[in-house]
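Trainee: Take a look at this one; I'll ask things after.
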Amino acid sequence: MITYYENERLFKLDTPNTSYLIGIVDEENFVGHIYYGKRLLDAEASYLLRTQELPYVPSKNNRERGAFYDTFPFEYPTGGVGDYRESCLSIRTEGGHAGSMLSYVSHEIMAGKPGLTGLPATFGSDKECETLKLVCEDVYVGMQVELLYTAFSDVDVITRSVRVVNKGKEPFYLTKVYSACLDMDNRDYDMITLHGSWARERHIQRKPLGYGIQRTSSFRGESSHQEHPFLALVDRHTTQEQGEVYAMNFVYSGNFCAQAEVSQFDFVRMSMGIHQENFCWKLSPGEDFQAPEVVMVYTDQGLDAMTGTFHSLYRKHLLRGKYKDKKRPILINNWEATYFDFDTKKLLAIAREASALGIEMLVMDDGWFGNRSFDGCALGDWFVNEEKIDGGLAHLVEEVNKLGMKFGIWFEPEMISPDSALYREHPDWAIAIPGRPGTQSRQQYVLDLSRKEVVDCIYGMMSAVLRSANIEYVKWDMNRQLTDIGSAALPPDRQGELYHRYVLAVYEMQNRLIHDFPDLLLENCSGGGARFDPGMLYYSPQIWCSDDADAVERLAIQEGTALLYPLSTMGAHVSDCPNHIVGRVTPFHTRAAVALAGTFGYELDVTKIAREEREEIPRQVALYHKYNDLVREGAYYRIASYSQNHHYDCWQVVSEDKRESLVTFVQVMTRANHKSRRILLKGLDEKRRYRIYVEGQKPEREDGELVYSGDTLMKAGILVPDMLGDFQAKLIHLVAEESEKKGQVE
Ligand code: DGJ
Numbered sequence: 113m114i115t116y117y118e119n120e121r122l123f124k125l126d127t128p129n130t131s132y133l134i135g136i137v138d139e140e141n142f143v144g145h146i147y148y149g150k151r152l153l154d155a156e157a158s159y160l161l162r163t164q165e166l167p168y169v170p171s172k173n174n175r176e177r178g179a180f181y182d183t184f185p186f187e188y189p190t191g192g193v194g195d196y197r198e199s200c201l202s203i204r205t206e207g208g209h210a211g212s213m214l215s216y217v218s219h220e221i222m223a224g225k226p227g228l229t230g231l232p233a234t235f236g237s238d239k240e241c242e243t244l245k246l247v248c249e250d251v252y253v254g255m256q257v258e259l260l261y262t263a264f265s266d267v268d269v270i271t272r273s274v275r276v277v278n279k280g281k282e283p284f285y286l287t288k289v290y291s292a293c294l295d296m297d298n299r300d301y302d303m304i305t306l307h308g309s310w311a312r313e314r315h316i317q318r319k320p321l322g323y324g325i326q327r328t329s330s331f332r333g334e335s336s337h338q339e340h341p342f343l344a345l346v347d348r349h350t351t352q353e354q355g356e357v358y359a360m361n362f363v364y365s366g367n368f369c370a371q372a373e374v375s376q377f378d379f380v381r382m383s384m385g386i387h388q389e390n391f392c393w394k395l396s397p398g399e400d401f402q403a404p405e406v407v408m409v410y411t412d413q414g415l416d417a418m419t420g421t422f423h424s425l426y427r428k429h430l431l432r433g434k435y436k437d438k439k440r441p442i443l444i445n446n447w448e449a450t451y452f453d454f455d456t457k458k459l460l461a462i463a464r465e466a467s468a469l470g471i472e473m474l475v476m477d478d479g480w481f482g483n484r485s486f487d488g489c490a491l492g493d494w495f496v497n498e499e500k501i502d503g504g505l506a507h508l509v510e511e512v513n514k515l516g517m518k519f520g521i522w523f524e525p526e527m528i529s530p531d532s533a534l535y536r537e538h539p540d541w542a543i544a545i546p547g548r549p550g551t552q553s554r555q556q557y558v559l560d561l562s563r564k565e566v567v568d569c570i571y572g573m574m575s576a577v578l579r580s581a582n583i584e585y586v587k588w589d590m591n592r593q594l595t596d597i598g599s600a601a602l603p604p605d606r607q608g609e610l611y612h613r614y615v616l617a618v619y620e621m622q623n624r625l626i627h628d629f630p631d632l633l634l635e636n637c638s639g640g641g642a643r644f645d646p647g648m649l650y651y652s653p654q655i656w657c658s659d660d661a662d663a664v665e666r667l668a669i670q671e672g673t674a675l676l677y678p679l680s681t682m683g684a685h686v687s688d689c690p691n692h693i694v695g696r697v698t699p700f701h702t703r704a705a706v707a708l709a710g711t712f713g714y715e716l717d718v719t720k721i722a723r724e725e726r727e728e729i730p731r732q733v734a735l736y737h738k739y740n741d742l743v744r745e746g747a748y749y750r751i752a753s754y755s756q757n758h759h760y761d762c763w764q765v766v767s768e769d770k771r772e773s774l775v776t777f778v779q780v781m782t783r784a785n786h787k788s789r790r791i792l793l794k795g796l797d798e799k800r801r802y803r804i805y806v807e808g809q810k811p812e813r814e815d816g817e818l819v820y821s822g823d824t825l826m827k828a829g830i831l832v833p834d835m836l837g838d839f840q841a842k843l844i845h846l847v848a849e850e851s852e853k854k855g856q857v858e
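Under the numbering used here, read the sequence shown as residues 113 to 858, first letter to last.
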């Protein structure tokens, strides 16, 4: 709910458990941030703007206008006239000047949530959310800035975005446009970010917030393996179960910057938006620029509650398409099975064996097109290599379909190999700085998607392949980051737009794809998980989490990913051993237990693995069918983190009605001569009694294992005996007694 208090000149945005207050101040109509936190009953907190203290407001003390600018908690700070903290908006006029300051002009409160032109964004019906549009201006620049806030009524989320319009007579340049800012008092915060590398994505980092600017960012042209468009400030005593959390997540897949700055007076400014590096957007009179959306979550119930809020928001208000709430087909991908060395015969041999074991879809990965026999050529030549795919693609797909399996295919549409027919014909289609040799990465360049003819040509080739056979899944890959930012088609004063135009074009292409092929299951991927972000989730309900599918490496990767994103979105497979990335050998059942926390599938040559492993696959397939509804739809709780304790990992999912729960326990390192571990469960109904089953273990009693109340299981916990050997896993299933009686749960 959003209310405007006219006398107080104050806006109050309420979600079920939080309030957000904005005040209009002084005759110059500065827009101030008053409060964000636990829900307030009234709207009396404008004293927090500290306008009754020195330096007061400029109309009372113009002598210290600079001090006012440098201390006032702005909703959307601008730079160049006195606020020395990190600003959200920087401009350059034709005269080369940079200063700006915003004043409130008008507002509109509307039911629902408008879409953002060209950009992914969360959505909600008129009943589920309300939106405030604050219109501000800088008359000296001729600039109008619209601040958009949406408050949801079913989740504790406020989203923000910004639109800048040139209302003047001369062009000006946007050199920075962030999307959200929170000016707060510093209360001894820790800062949580996600960091990583290829094959090591989204590890959680927590560290104390100190003075100055602390930042996490990417200007690699994508959200990246290395850092993540997420930032949380949490009370130093916040745990999984309790304590304050302020979190921001960016619904964008390109360059980003997320930062917290503690200033001289112990104020903290938290902000997020498109990275400033090489960003310069020309706004001619009448033109506008839409900045992407930031999702803000506040809770005083700890990190589990923050996670629950993000998961609910993304499930209900971001994911789209036929598969968003559906069980996904169990796939087998040939990448680690064959790499580039495959043909129709090999693929069909894998498919035959896989279908007999219950696997539901064959995905043909990189190497089926042009003359691609290794990773150094043919990107851009999207026509089937019939020497490999002898008999043609339609034939292969028909044969796979005859086995009762679906068929999926891999593309890397954003790239061009210097050794390709496409590059020979259109060398200027690669992003490059004129006269300077481009930096190759995986022996490839990035296509200049800011050019419509490039997008149309690639999309044309892709869609022709997709129409040529019954293809039901696409893996959209992107295997290098951007360098040498230059477009042969943009004028010099618009080269700084290329990074963002590139991302907009990726969105446009994916939009076209899901519009033209509405039944397609799209999985995004970027050299593993370099573009696992809410922006891409708007187009694909799942994203390949990491090229590292080792069960132990995946614990930290999936823990960090699940901190924000629903388990249904995490691409996770059982892969071959010794693991191709780290060489580790883990038991087959442990690899499955970890992959069951995601979309689930296989990434190995099923004709070559050990017989015992092959025989285990139907049991794993059965586990997927038994538990996937729970995993996809249930509430997720983090019980223990291997990254923190270096011994074991544990997470839990609980059905919405709390009648059923699955606990996954992974004992990474075994211990000599130890007692069992005590695990406190979460999210259960304290009054219900739960029967406990351990997968693969015969119950000690005929009617299942022990029965305990949810109260006992959550407060006193369960005991998990140590297992013999490293890398062992246990799936513990809890079923509420009366559900069993009613036959609601098998
Ligand atoms: C990177 C992906 O993450 C892999 O799964 C595979 O598709 C390769 N690219 C193919 O080049």
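Beta carbons: idealized from backbone N, C-alpha and C, even for Gly. None of the values given here were measured: they were computed from a predicted structure.
Quick check on residue 486: does DSSP put it in helix, strand or coil?
Mentor: For this step, residue 486 is matched to residue 374 along the sequence shown. Note: residue 486 maps to coil in three-state DSSP.
Trainee: My assumption, with CB atoms under 8 Å, is that residue 346 sits in contact with residue 316. Please give the rounded CB distance.
Mentor: On the sequence shown, residue 346 is found 234 positions in, with the first residue counted as 1. On the sequence shown, residue 316 is found 204 positions in, with the first residue counted as 1. Going by Cβ atoms, the distance from residue 346 to residue 316 rounds to 12 Å, so no, they are not a contact pair.
Trainee: Tell me, please, which residues DSSP counts as bridged to residue 222.
Mentor: Looking up residue 222 in the sequence shown gives position 110. For residue 222, which the question treats as bridged, DSSP gives the partners 243.
Trainee: What residues are listed by DSSP as bridge partners for residue 232?
Mentor: Your numbering for residue 232 matches position 120 in the sequence shown. Answer is none; residue 232 lacks a bridge partner.
Trainee: Quick one: what does DSSP say residue 834 is sitting in, helix, strand or coil?
Mentor: To locate residue 834, count along the sequence shown from 1; it is residue 722. Note: residue 834 maps to coil in three-state DSSP.
Trainee: Could you have a look at residue 858 and say whether DSSP puts it in helix, strand or coil?
Mentor: By 1-based counting over the sequence shown, the position of residue 858 is 746. Only weak support exists for where residue 858 lies, its pLDDT of 42 falling under 50; the coordinates are left without a value.
Trainee: Taking 8 Å as the threshold, find out whether the region 840 to 848 comes into contact with the region 761 to 779 through three or more Cβ pairs.
Mentor: yes
Trainee: Do you know offhand how far residue 819's Cα is from residue 843's?
Mentor: Here residue 819 refers to the residue found at position 707 when the sequence shown is read from its first residue. Here residue 843 refers to the residue found at position 731 when the sequence shown is read from its first residue. C-alpha separation (whole angstroms): 17 Å.
Trainee: With respect to 7 Å, is the separation between the Cβ of residue 483 and the closest non-hydrogen atom of ligand 1 below this value?
Mentor: One-based indexing of the sequence shown puts residue 483 at position 371. Residue 483: no, Cβ never under 7 Å from ligand 1.
Trainee: Would residue 184 and residue 144 qualify as a contact pair, given that the criterion is a beta-carbon distance under 8 Å?
Mentor: Taking the sequence shown and counting its residues from 1, the one referred to as residue 184 is at position 72. Taking the sequence shown and counting its residues from 1, the one referred to as residue 144 is at position 32. Yes. Within cutoff.
Trainee: Taking residue 525 and residue 447 to be in contact with their CB atoms under 8 Å, please state how far apart those CB atoms are, rounded to whole angstroms.
Mentor: Within the sequence shown, residue 525 is the residue found at index 413, counting from 1. Within the sequence shown, residue 447 is the residue found at index 335, counting from 1. That belief does not hold up - the Cβ atoms of residue 525 and residue 447 are roughly 17 Å apart, past 8 Å.
Trainee: For residue 613, count neighbouring Cβ atoms within 10 angstroms of its own Cβ and tell me buried if that reaches 16, exposed if not.
Mentor: The residue you call residue 613 lines up with position 501 of the sequence shown. When all chains shown are included, residue 613 counts as buried.
Trainee: Using 8 Å as the limit for Cβ to Cβ distance, is residue 373 near chain D?
Mentor: Considering every chain present, this structure includes no chain D. It has just one protein chain.
Trainee: Report back the beta-carbon spacing between residue 793 and residue 829 to the nearest angstrom; my notes put them in contact at under 8 Å.
Mentor: In the sequence shown, counting from the first residue as 1, residue 793 sits at position 681. In the sequence shown, counting from the first residue as 1, residue 829 sits at position 717. Rounded, the Cβ-Cβ distance is 7 Å, consistent with contact.
Trainee: Taking C-beta to C-beta, are residue 454 and residue 514 nearer than 8 Å?
Mentor: One-based indexing of the sequence shown puts residue 454 at position 342. One-based indexing of the sequence shown puts residue 514 at position 402. Not closer than 8 Å, so no.
Trainee: What are the uninterrupted segments assigned as alpha helix (DSSP H) that are 4 or more residues long and contained completely in the region 680 to 716, given in chain order?
Mentor: 700 to 707
Trainee: Applying the 10 Å Cβ sphere with the 16-neighbour rule, what's the burial state of residue 122?
Mentor: Numbered from its first residue, the sequence shown carries residue 122 at position 10. Buried, since its Cβ has 16 or more Cβ neighbours within 10 Å.
Trainee: My understanding is that residue 652 touches residue 676, with C-beta atoms under 8 Å, so please give their C-beta distance in whole angstroms.
Mentor: In the sequence shown, residue 652 corresponds to position 540, counting from 1. In the sequence shown, residue 676 corresponds to position 564, counting from 1. Actually they are not in contact, since the Cβ atoms of residue 652 and residue 676 sit about 16 Å apart, beyond 8 Å.
Trainee: Rounded to the nearest angstrom, how far is the Cβ of residue 704 from that of residue 776, given a contact under 8 Å?
Mentor: Here the question's residue 704 lines up with position 592 in the sequence shown. Here the question's residue 776 lines up with position 664 in the sequence shown. Contact flag wrong, Cβ pair sits at about 11 Å.
Trainee: Compute the Euclidean distance between the alpha carbons of residue 482 and residue 366, then round it to the nearest angstrom.
Mentor: As a first step, residue 482 is located in the sequence shown; it is residue number 370 there, counting from the start. As a first step, residue 366 is located in the sequence shown; it is residue number 254 there, counting from the start. Using only the alpha carbons, I get a separation of about 29 Å.
Trainee: Suppose you measure from the CA of residue 126 to the CA of residue 113; what does that come to, to the nearest Å?
Mentor: Counted from its first residue, the sequence shown places residue 126 at position 14. Counted from its first residue, the sequence shown places residue 113 at position 1. If you take the alpha carbons of residue 126 and residue 113, they lie about 5 Å apart.
Trainee: Quick one: what does DSSP say residue 564 is sitting in, helix, strand or coil?
Mentor: Reading the sequence shown from its first residue, position 452 is the one you call residue 564. In this structure, residue 564 counts as helix in the three-state DSSP scheme.
Trainee: Could you tell me if the beta carbon of residue 637 falls within a distance shorter than 7 Å of some heavy atom in ligand 1?
Mentor: Your numbering for residue 637 matches position 525 in the sequence shown. Indeed, a heavy atom of ligand 1 lies less than 7 Å from the Cβ.
Trainee: Look at the Cβ atom of residue 444, then the Cβ atom of residue 714, and state whether they are nearer than 8 Å.
Mentor: Within the sequence shown, the letter at position 332 stands for residue 444. Within the sequence shown, the letter at position 602 stands for residue 714. In contact: residue 444 and residue 714 (Cβ atoms closer than 8 Å).
Trainee: Should the region 213 to 223 be called in touch with the region 287 to 296, which here means at least 3 C-beta pairs below 8 Å?
Mentor: Taking 8 Å as the limit for Cβ pairs, the verdict is that the region 287 to 296 does not touch the region 213 to 223.
Trainee: Given that a residue counts as buried once 16 or more other Cβ atoms are within 10 Å of its Cβ, and exposed if not, what is residue 225?
Mentor: Locating residue 225 in the sequence shown gives position 113, counting from the first residue. Classification for residue 225: buried.
Trainee: With DSSP as the reference, please indicate the residues paired to residue 320 in a beta bridge.
Mentor: The count along the sequence shown starts at 1 and reaches residue 320 at position 208. In the DSSP output, where bridge partners are listed per residue, residue 320 has 302.
Trainee: To the nearest angstrom, how far is the alpha carbon of residue 858 from that of residue 737?
Mentor: Residue mapping note: residue 858 aligns to position 746 of the sequence shown, counting from 1. Residue mapping note: residue 737 aligns to position 625 of the sequence shown, counting from 1. In this prediction, residue 858 scores a pLDDT of 42, lower than 50, which makes its location untrustworthy; the coordinate-derived value is nonetheless stated afterwards. Answer to the nearest angstrom: the Cα atoms are 12 Å apart.
Trainee: In chain order, what are the residue ranges of uninterrupted alpha helix (DSSP H) at least 4 long that sit wholly in the region 124 to 196?
Mentor: 177 to 183
Trainee: What are the partner residues of residue 273, as DSSP defines its beta bridges?
Mentor: Taking the first residue of the sequence shown as 1, we reach residue 273 at position 161. Per DSSP, 260.
Trainee: Could you check whether the Cβ of residue 656 sits closer than 7 Å to any heavy atom belonging to ligand 1?
Mentor: Residue mapping note: residue 656 aligns to position 544 of the sequence shown, counting from 1. True, at least one ligand heavy atom lies under 7 Å from that Cβ.
Trainee: Taking the alpha helix (DSSP H) that residue 416 belongs to, which residues open and close that run?
Mentor: Within the sequence shown, the letter at position 304 stands for residue 416. 414 to 429 is the extent of the alpha helix (DSSP H) around residue 416.
Trainee: Exposed or buried, residue 404, counting other C-beta atoms within 10 Å across all chains shown (16 or more means buried)?
Mentor: As a first step, residue 404 is located in the sequence shown; it is residue number 292 there, counting from the start. With 16 or more Cβ atoms within 10 Å of its Cβ, residue 404 is classed as buried.
Trainee: From which residue to which residue does the alpha helix (DSSP H) around residue 281 run?
Mentor: If you number the sequence shown from 1, residue 281 lands on position 169. Run containing residue 281: none; DSSP gives neither H nor E here.
Trainee: Mind checking whether the beta-carbon of residue 308 lies closer than 7 Å to any heavy atom of ligand 1?
Mentor: On the sequence shown, residue 308 is found 196 positions in, with the first residue counted as 1. False, no ligand heavy atom lies under 7 Å from that Cβ.
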